[in-house]
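Colleague: Please see the structure below; I have some questions.
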Amino acid sequence: MKIALPSWLVPTPSLDQASSHSVETASVQPDRPVLARPALGGALMRMIGQASVYGKRTVSSFCALATSDGDSLITFDGAYMSLIRIQGSAVVLDARETETKARTLRNRLSGPLDGKGHALQFHFVSDPATAGDAIQKCVEQARAIATRLDADFDDVFAEWLRVFPQTMRYEDCWVAVWSKKALLNRQEQKAAKQAQKSTGAALPRLEDAQDPGLADPDLASRHASFVQQVSQAFSDIRVQTRILSPQETLKTIRSIMYPETRDDLWRAVMPPDEPPVRVPDTDTPADIDHLLWPPLREQIFPMEAQTDGYTIARFGVLDWAPLDMTLAPDVTQGEDTPIVFGDLVRALAPRDVPWRATFLIEGEGESLMKGKMAALAFLNFWPNRHKKVAHSQVDEIRRFKTDTIVRLRGNFATCAPMGERPLLQQRVSRLQQGLNAWASCQSSRWCGDPVAGTLSAVPGLDTASTAPSHAPPLNDALTLMPWARPGLPWEKGSVLFRAPDGAAMPFDPGASGRPATLDLFVAPSRSGKSVAANRLLLGTVLSAASATNDGYRFPLIAKLDIGESVSGFIDMVKASLPFDRQHLAAYYRMDFSPENAFNIFDLEVGCREPLLAHRTFLTNFISLICLPIGKDAMPYDRMDHLIEAIIDVVYDIVSDSPSATHAKFYRYGIDAEIDRWIDTHTASSTGGEACLRIDDREVLLGDTTLWLDIVDALCAAQEWRLAGFAQRQASPEMRDLIAAASDTRIISHFERVRPTGAQENITDIFCDYIQHFIRKFPTLGVCTRLDLGDARIVALDVERICPKDQTDVALRQTEMMYLLGFFMVSRKLTTDPQDALGMPELVREYHRARFTEYRETYKRLEADEYHRTGQSENVRNMVQFVARESAKYRLSLGIASTAPEDFGAFLTENSTGRFIFGAGSETQAGRMADIFGLTNASREIVKNRLNGPAKDGSGAPFLLQIKVNNVWYEQMLINQLGPIELWALTTDPVDRGLRTRLYESLGPAEARRRLARVFPKGTAVPEIDRRKNTTGNASFDEGGTPIGAVVALAQEIRDCTGIAAVLRGSGDA
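Residue numbers (the working numbering): 1 to 1069.
Structure, rendered in structure tokens:
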């Protein structure tokens, strides 16, 4: 049974009594009962504060740190301290799961904390203003990369700096781990004291210098073991931590006290560094402190603190107001759920207050309980029902004790810029109100000494505290600590998400730690997944993914889509580039026009056979052509064997080998650019015939000249672009499959094969399907004209060739075209330098260099609308092949669909990232939770909290599951964009239509700026709907003809009239 004790049951120590770690007096303040404090008048408290200030001498005497020993710091009385940064819980935790994890922590740590000697000092800081600094760092990093790419995203960066600080907070968490001399028995303490005395006797006076003789090997060993035990205990509950070095520890402590120094290059001077060279004040110094390291406390505190006497202390450029926790929150107060630290964070998040909290948990053993029993025995002389109730509570804890009782003290502080006292008073009032809302937690502004109170809220300086003690069970104390805050593995990133309570959550899409990246995006339509995917692509461009061995280049990004959702991202990238580099980003809308003709058999330039990924695609695509229509249709017997054999034969019969029966002969007039090059390089052979002579290569020109001969000549001349055009003419086409099926090598093996129930042999069936395909899709059976060119960021929209109806024939066409599009955008990404080894010597080095550059470049391949493939086995085979080989190709893969069942078992089980933006129903939410193995907290989030983009433009919630460095993270995040970025990346068809019209008339950057100003929520749909539904509100052109709402609105924004009149007077009109 766990019962939180009222704070008045615990004697309230002064700062002197709380710590003996300083060689000087830790603080001069009177002993006082907590409940008497509010009754003291302001004048009396001012006198007490002034007495404390005058008695203290210097602020540095609040620091007990003396020197370092190995990986830890030592205090003047020999205690050891290490600082651990808590990077957050890898999984989102609700209150009950937090309590469960706290119980696990209790089991791991109750032994060390059951007696005196060990202490844990948790520290948490939350600062909305500092979020601007963190955002600035992310922007500076992204801007530097954009500059190296010669890309201009300044409007986006300016918006990040303007919008994100309004909704995001900086937060961080640490725990200082203390091990004191009380851990040693009397003999060990005596031996340690004697050793230090002997060492000191052999040395001259050290005065203020750091004394390495304070080190104690026995205590150091126990401390190191405790630090590892604490770190492992957190690791066991999936809370990520990092043990800081002494240098990092001191830097952290200093930046907590003086936040303005967070980014400076300060470094403490201490062992094992060489002592600095200093000149003594006299020729015959009485000590050797000038030869050793200067005191740590003088290094940590760059300036003296100032105080108004009783409530405010000034450190650097900030004024601080401390609060003491006089009554801890009752963990069991919640009716349905326990009280946790996250409740306090959520209570304070809307109050826009910078604050910090420090909680000191000390093992006290039986002495704490004995003192309480003695106090209660004394109180029983007075008839007071509350005291007797308290006595019975303590008695119950002793009789039913299942937990370690610890000493708990809590200190809080808030700040304001120097001299802004009204703002500071407002903030401390808001902080105190937030604390009062935290399960009836009570706090007091009267710390006696504001300097001591403020420094009590700093970890690692000392275990002193101005706050009164509480005696909760260890499990309750740990449940209240800030270790369960959400965490991701990155401190900086080119994408900034936020937690629901406002904590900034950097995300680095191009970071290391994900060698095999397979991301799944799942949600119903209009849930925000496409916008988030586009934002991540922009973040990829602006991340370390653009860094290569040869400098900065755009990563290779390819996306297949059914629709225009990615067009905004491509337009955004193109608009950021100079005109002569805009070809690096390309968006194509595929259709069956002659201009978009595409031959699936095209080879790499100079080659005679396809690469492995290409061959895999051909097998799947042709298999799909030859599959009977219908959901339950089964492939013909041995059709797969026939297709594989025909693929081999078809490349052979059009080659330059002796067995070629359908070679492709060069004919003048097919490609004018190649013809001109040939005319320029035509010479006479030794026999007087026309020929091409490139170095020592001679190609005779005539009726028997092959396109492959022209390809080789162009490759020898290193005319790679023209060679690529010639290669298209030399490649087999769809109709050549029929010729291949008639080849003797095919007939001899398959002539007698008749599938079950069929009247024809397998080759005749194959030819029938191929002829039908050629008749239905003639532009897919001829030489390629669609050229994706040199673009490094490519998006292909296959909506026009994928029917929307759900007939079996339409679904089959959608499957085929999706598979075709996937191959088109992925072809460049699925290459490896090893592939060049089997290529002809003439082009081997060229392709090896290309493939090496591709391999060293970050590559991202995405496919949207995956559910439109109808779970086609052939499409899945191709996607799974790429997924299996992605690590080999160093390829990052992303697939988006509407339901988790669409992906199939392989993609789901091998995915390393899941971006869940919602579920279509409660039933689907349950299936999604089962498929992805979500925690109970995440199940509740998917079921109730993923409601799509907020109407006020504050972002779209989603659940992230991601594996980084073999650790799975699971967090709820908000994808918030500013209005400019929203308008750039919107996928709403109506908004896209308005954006497109304004892009054409104003240019992308200016159009986005105006749209963001007129519609700051990132959408014009409500206004357009209002106009459509309002009678008598029709717009007309100059001739009096009615015009549509989108056209009229675009005209108003262009002319700064009507609803866009707000643009007038700001340089827009």
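Beta carbons: idealized from backbone N, C-alpha and C, even for Gly.
Looking at the structure shown, is glycine 978 part of a helix, part of a strand, or coil, going by DSSP?
Modeller: Three-state DSSP puts glycine 978 in coil, outside helix and strand.
Colleague: Using the beta-carbon count (16 or more within 10 Å), is glutamine 1124 buried or exposed?
Modeller: Any property of residue 1124 remains undetermined from this structure, which presents the chain solely from 1 to 1069.
Colleague: Give the DSSP bridge partners of valine 967, in chain order.
Modeller: Val964
Colleague: Thinking alanine 209 and tryptophan 266 are a contact (beta carbons under 8 Å), I'd like their distance in whole angstroms, please.
Modeller: The pair is not a contact, with the Cβ atoms about 20 Å apart (cut-off 8 Å).
Colleague: Determine the extent of the alpha helix (DSSP H) in which threonine 147 is found, giving its start and end residues.
Modeller: 128 to 148
Colleague: Within this structure, are the beta carbons of glycine 606 and proline 755 separated by less than 8 Å?
Modeller: no
Colleague: Looking at the unbroken beta strand (DSSP E) that takes in threonine 763, where does it start and where does it end?
Modeller: First-last for threonine 763: 762 to 776, but that is the alpha helix (DSSP H), not the beta strand (DSSP E).
Colleague: Cβ-heavy atom distance between glutamine 194 and the ligand PLP below 7 Å?
Modeller: Here there are no bound small molecules, and the ligand PLP is not part of this structure.
Colleague: Quick one, which of Asp133, Phe773, Ile643 has its alpha-carbon nearest valine 809's?
Modeller: Comparing alpha-carbon positions, the option among Asp133, Phe773, Ile643 lying closest to valine 809 turns out to be Phe773.
Colleague: Determine the direct distance from the alpha carbon of proline 212 to that of alanine 532, and round the result to whole angstroms.
Modeller: Answer to the nearest angstrom: the Cα atoms are 55 Å apart.
Colleague: Quick one: what's got a C-beta closer than 6 Å to arginine 1054's C-beta in the same chain, skipping five residues either side?
Modeller: Only Ser1001 meet the Cβ criterion.
Colleague: Buried or exposed: which applies to methionine 572, given that a residue is buried once 16 or more other Cβ atoms fall within 10 Å of its Cβ?
Modeller: buried
Colleague: Can you tell me which of the three DSSP states tryptophan 1079 falls into?
Modeller: Not covered by the structure: residue 1079. The range shown for the chain is 1 to 1069.
Colleague: Determine whether the beta carbon atoms of phenylalanine 906 and phenylalanine 777 lie at a separation below 8 Å.
Modeller: no
Colleague: Check for me: the alpha helix (DSSP H) holding proline 989 runs from which residue to which?
Modeller: 989 to 1002
Colleague: Does DSSP put isoleucine 747 in a helix, in a strand, or in coil?
Modeller: helix
Colleague: What distance in whole Å lies between the Cβ atoms of proline 957 and threonine 779, which are believed to be in contact at a cut-off of 8 Å?
Modeller: Not confirmed; about 43 Å, so no contact.
Colleague: Using a Cβ-Cβ cut-off of 8 Å (strictly less than) and excluding sequence neighbours within five positions of valine 269, which residues of its own chain qualify?
Modeller: Pro275, Pro276, Trp293, Pro294, Gln299
Colleague: Inspect the beta-carbon positions of arginine 346 and glutamine 229 and report whether they are closer than 8 Å.
Modeller: no
Colleague: Between cysteine 767 and isoleucine 674, what straight-line distance do the alpha-carbon atoms span, to the nearest angstrom?
Modeller: If you take the alpha carbons of cysteine 767 and isoleucine 674, they lie about 34 Å apart.
Colleague: Where cysteine 173 and arginine 485 are concerned, what is the direct C-alpha to C-alpha distance, given to the nearest angstrom?
Modeller: 9 Å
Colleague: Do the region 441 to 448 and the region 73 to 90 meet, that is, are 3 or more Cβ pairs less than 8 Å apart?
Modeller: no
Colleague: In chain order, what residues of the same chain have a beta carbon less than 6 Å from the beta carbon of threonine 332, not counting five sequence neighbours either side?
Modeller: none
Colleague: Could you check where the beta strand (DSSP E) with phenylalanine 822 kicks off and where it finishes?
Modeller: Not the beta strand (DSSP E): phenylalanine 822 falls in the alpha helix (DSSP H), residues 808 to 826.
Colleague: Applying the 10 Å Cβ sphere with the 16-neighbour rule, what's the burial state of lysine 859?
Modeller: buried
Colleague: In the DSSP assignment, what are the bridge partners of tryptophan 677?
Modeller: None; tryptophan 677 has no bridge partner.
Colleague: Please report the straight-line C-alpha distance between aspartate 114 and glycine 955, rounded to a whole angstrom.
Modeller: 47 Å
Colleague: Which residue spans inside the region 533 to 592 form an unbroken beta strand (DSSP E) run of at least 3?
Modeller: List check, beta strand (DSSP E) in window: 556 to 561, 585 to 589.
Colleague: So, at 7 Å on beta carbons, what are the nonlocal neighbours of threonine 857 in its own chain, with the 5 sequence-adjacent residues on each side left out?
Modeller: Thr548, Arg553, Pro555, Leu556
Colleague: What does the alpha-carbon distance come out to for the pair alanine 39 and threonine 326?
Modeller: Unreliable positioning characterises alanine 39 in this predicted model, as indicated by a pLDDT of 34, which lies under 50. The coordinate reading is nonetheless provided below. Approximately 14 Å, taken between the alpha carbons.
Colleague: Measuring straight from C-alpha to C-alpha, what distance separates glutamate 1052 and threonine 986?
Modeller: 21 Å
Colleague: From Ser576, Lys137, Pro628, Asp640, pick the residue whose C-alpha is nearest to that of leucine 1114; which is it?
Modeller: The structure shown does not extend to residue 1114, since the chain is modelled only from 1 to 1069, so the question has no answer here.
Colleague: Which full runs of the beta strand (DSSP E) of 3+ residues lie inside the region 421 to 451, going along the chain?
Modeller: 442 to 444
Colleague: Could you compute how far the alpha carbon of proline 732 sits from the alpha carbon of leucine 612?
Modeller: 17 Å
Colleague: Are the CB atoms of proline 472 and leucine 520 within a distance shorter than 8 Å?
Modeller: No; because the gap between Cβ atoms is not below 8 Å, this pair is not in contact.
Colleague: Around the C-beta of tyrosine 668, are 16 or more other C-beta atoms found within 10 angstroms, so that it is buried, or is it exposed?
Modeller: exposed
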